[in-house]
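Have a look at the structure below before the remarks.
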Amino acid sequence: MDISELFWNASIDELKQGYHEQEQQYVCLLCGKTVEKGIIYKQGDTLYEAERYTRLHIEREHESVFHYLIQMDKKMTGLTEHQNGLLKCFYDGKSDRDIQQQMGIGSASTIRNHRFVLKEKERQAKVFLTLMELLKEKDEHAPAFVEYHKTATMVDERYNVTQEENDKLLTKYFPDGIDGKLKTFSMKEKSKLVVLREIAKRFQTDTVYNEKEINEVLKAVYDDHVTLRRYLIEYGFLDRKEDGSEYWLK
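The sequence shown begins at 1 in the UniProt record's numbering and counts up by one.
Below you can see the structure in the form of structure tokens.
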């Protein structure tokens, strides 16, 4: 199971702590970093057991789970830009007066109203989650959808892909198997998404690549590696420095 599947299948408690516990390791749900159990890790002059070191990793690399989640695309969070800004202020412990000045909100009562609206959104989310959990027990005809990657830059109908569709498309465009060459990249955008998701699996998490290394991996997939690289970045699978000197899985 890849990191996006782990993320979307995690419980609320797991998402709050930011990592998933497996038999032999802890997996950061935010970036996929794994920390092996039974090893003592050193950071500076301090020694940490695996779980504490995983929490330290989240603090050092992501600041906090809240900061990571609040930066996700608004189609992921369901928040407007205004609500997003308010939550950041609330999390930072700012007073209503400070929030008024920072966000240009007219009065304290306006801020209280925003707090009420957010509380209502929380209640609705709890009811909706419960309904969906109950639905899983009854809806025998629901197709298995492929989880979209949590770094997706644009979430729309292209992501409406069932597991069956996904497998058929991969068989069609990778006739020699998913580790082989891509037949063509002339396809519908929905198909491109499926293909790009699979290609992204050829890169390692926690690894920084230079342009030559990125190109070598992509040339083994398809002759037009430049186009593949551009689409992987555009769709939020890869990220890079502005000068193109370093690339990594987003």
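Quick reminder that beta carbons are idealized off the backbone N, C-alpha and C, glycines included.
> Leaving out the 5 sequence neighbours to the left and right, which residues in its chain are closer than 6 Å to Y68 when beta-carbon positions are compared?
Replying inline: Correct list, in chain order: L30, H62.
> Going along the chain, which residues of its own chain have a beta-carbon closer than 8 Å to the beta-carbon of residue 252, five neighbours each way excluded?
Replying inline: Past the boundaries of the shown model lies residue 252; the chain is included only from 1 to 250, so the question cannot be answered.
> What does DSSP give as the partner residues of D239 in its beta bridges?
Replying inline: D239 is bridged to W248.
>> Please return the same chain residues whose Cβ sits closer than 6 Å to the Cβ of I58, not counting the five positions on each side in sequence.
In response: G18, listed in sequence order.
> Taking the Cβ atom as the reference point for each residue, do I3 and G32 lie within a distance shorter than 8 Å?
Replying inline: Yes.
> Hey, out of Q83, D243, I199, whose CA is closest to R229's CA?
Replying inline: Residue nearest to R229 within the set Q83, D243, I199 is I199 (criterion: CA-CA distance).
> Where do the N-terminal and C-terminal ends of the alpha helix (DSSP H) with T110 fall, by residue?
Replying inline: Where T110 is concerned, the enclosing alpha helix (DSSP H) stretches over 108-138.
> Which whole-angstrom value is the C-beta distance of T162 and P143, which I expect to be below 8 Å?
Replying inline: About 4 Å separates the two Cβ atoms, so the contact holds.
> Leaving out five residues before and five after Q83 in sequence, what residues of the same chain have Cβ atoms less than 7 Å from its Cβ?
Replying inline: Cβ-Cβ distances below 7 Å link Q83 to L118 in the same chain, with the five nearest sequence neighbours on each side left out; the list follows chain order.
> So V27 and L6 are in contact, right, with Cβ under 8 Å, and what is the actual spacing, rounded?
Replying inline: Correct: roughly 6 Å between the Cβ atoms.
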